[in-house]
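Presented below is the structure to which this report refers.
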């Protein structure tokens, strides 16, 4: 947990960073977008570091070829340790793909039903989550439940709760943001409840089920459920703009993986090999095939480009409060894709 002094520093950083960014950061976005495209992915990473990112990792898996690994900047800037393309990284909401696959597997084996409601699976939440009797499992997977997200609680990231129970409490007894299935809104409460539902269904921790049903079959030996499972020296440092301290030891409950492991998983998700018979059809009806992740100090994108049969995973260990760094990372990812397409032609 952060000290009071650390919280105060973060508040000041957020305020100063926001004011400063209003005047300067957008021009960086414009420059990153219009500057001539380099010839290689490595040149693009080197260019991106010049925009203020501390470190980057990119993994490229083009069908039929050996994968390529790229890195630039720092794994740890204090100790001047260069970025390592095989370092562990906090993958944030990319983990939702793993959760959605786990739910699909349980639906495919008739242990869960996409049409049953939150009230069916968590009757204790009736009266505490609005429309609990109308929110189906399908809506939760698709972010169409209307539930408030616990991560939108004021100052959530300054001192996040330690347990799912504490996180859920932040979203209870609040009005719905919309009636179920009438709109879309990205909501972490959905996936918190999905993880609890997996646990309730199989009788043990959801991360263990993900390990047994996804990680072990795909031989993903460098994917982990929490920070407590890894050697901290193997983890890429995380940085928040304007705040000097390395925040990689802050535990937000995120999964960790290497870029290669994420890429292997994404390939298996898109070609269907992660599923048993019938699973691909179920998954295709409920969730997406690529994702991003963003938590303090870590942002990542994992995409499959069907036209060139190529997986691209991008890790960046710099974030900020106002979202400019996220926008910049998307521009860089788009440029990497263009480079790869040019190399195909």
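In the working numbering, the protein residues as written are 610 to 954. Ideal placement from N, C-alpha and C gives every residue a C-beta, glycine not left out.
For residue 671, write down the residues that DSSP places opposite it in a beta bridge.
919
Just verifying my parser: in three-state terms, what is the DSSP assignment at residue 745?
strand
Please work out which residues of its chain come closer than 7 Å, Cβ to Cβ, to residue 653, disregarding the five sequence neighbours upstream and downstream, and give them in chain order.
647, 941, 944, 945, 948
For residue 686 and residue 907, I'd like the C-alpha separation in whole angstroms.
15 Å
State the DSSP-derived secondary structure class of residue 952, mapped to helix, strand or coil.
helix
Compute the beta-carbon to beta-carbon distance between residue 819 and residue 707, rounded to the nearest angstrom, for a pair I have assumed lies under 8 Å.
5 Å
Considering Cα atoms alone, identify which of 779, 720, 830, 758 is closest to residue 809.
720
Could you compute how far the alpha carbon of residue 713 sits from the alpha carbon of residue 669?
27 Å
Are the beta-carbon atoms of residue 1006 and residue 675 separated by less than 7 Å?
No information on residue 1006 is available, as it lies outside the stretch 610 to 954 that the chain covers here.
Are the C-beta atoms of residue 912 and some chain B residue less than 7 Å apart?
In the displayed structure, chain B is absent; only one protein chain is listed.
Flag residue 890 as yes when its Cβ comes closer than 6 Å to any non-hydrogen atom of the ligand MN, and as no otherwise.
Absence of the ligand MN is noted for the structure shown, with no ligands found whatsoever.
Are the stretch 742-761 and the stretch 795-809 in contact at 8 Å, needing three or more beta carbon pairs?
yes
Taking the beta strand (DSSP E) that residue 684 belongs to, which residues open and close that run?
677-685
Integer Cβ distance of residue 825 from residue 883, believed to fall under 8 Å
At roughly 12 Å, the Cβ-Cβ gap does not stay under 8 Å, so residue 825 and residue 883 are not in contact.
Under 8 Å, with one C-beta from each stretch per pair, do the stretch 721-736 and the stretch 897-912 reach the 3-pair mark?
no
Whole beta strand (DSSP E) runs in the stretch 714-801 with 3 or more residues, listed along the chain?
none
Backbone CA spacing between residue 956 and residue 750 [nearest angstrom]:
The question about residue 956 has no answer, for the chain in this structure spans 610 to 954.
Near residue 752, which residues of its chain fall below 7 Å by C-beta distance, leaving aside the five closest residues on each side in sequence?
793, 794, 795, 796, 799
CB residue 888 to CB residue 764, shorter than 7 Å?
no
Pairing CB atoms from the stretch 910-924 with CB atoms from the stretch 856-864, are three or more of them under 8 Å?
no
So which of 859, 885, 890 has the shortest CA-CA distance to residue 905?
859
Can you give me the C-alpha to C-alpha distance between residue 844 and residue 665, rounded to a whole angstrom?
13 Å
In whole angstroms, what is the alpha-carbon distance linking residue 661 and residue 923?
16 Å
Extent of the continuous beta strand (DSSP E) to which residue 912 belongs
907-914
Spatial distance of residue 868 from residue 688 (CA atoms):
22 Å
Whole angstroms is fine: what's the gap from residue 630's alpha carbon to residue 927's?
Bear in mind that the predicted position of residue 630 carries a pLDDT of just 45, short of 50, making it unreliable; the figure below should be weighed with that in mind. Looking at the two C-alpha atoms, the distance is approximately 15 Å.
Any idea if residue 789 is buried or exposed, counting beta-carbon neighbours within 10 angstroms, 16 or more meaning buried?
buried
Please name the residue, chosen from 856, 879, 817, that lies closest to residue 838 on a Cα-to-Cα basis.
817
Does the Cβ-Cβ distance between residue 692 and residue 682 come in under 7 Å?
yes
On the premise that residue 921 lies in contact with residue 667, defined as a C-beta separation below 8 Å, what is that separation, rounded to the nearest angstrom?
7 Å
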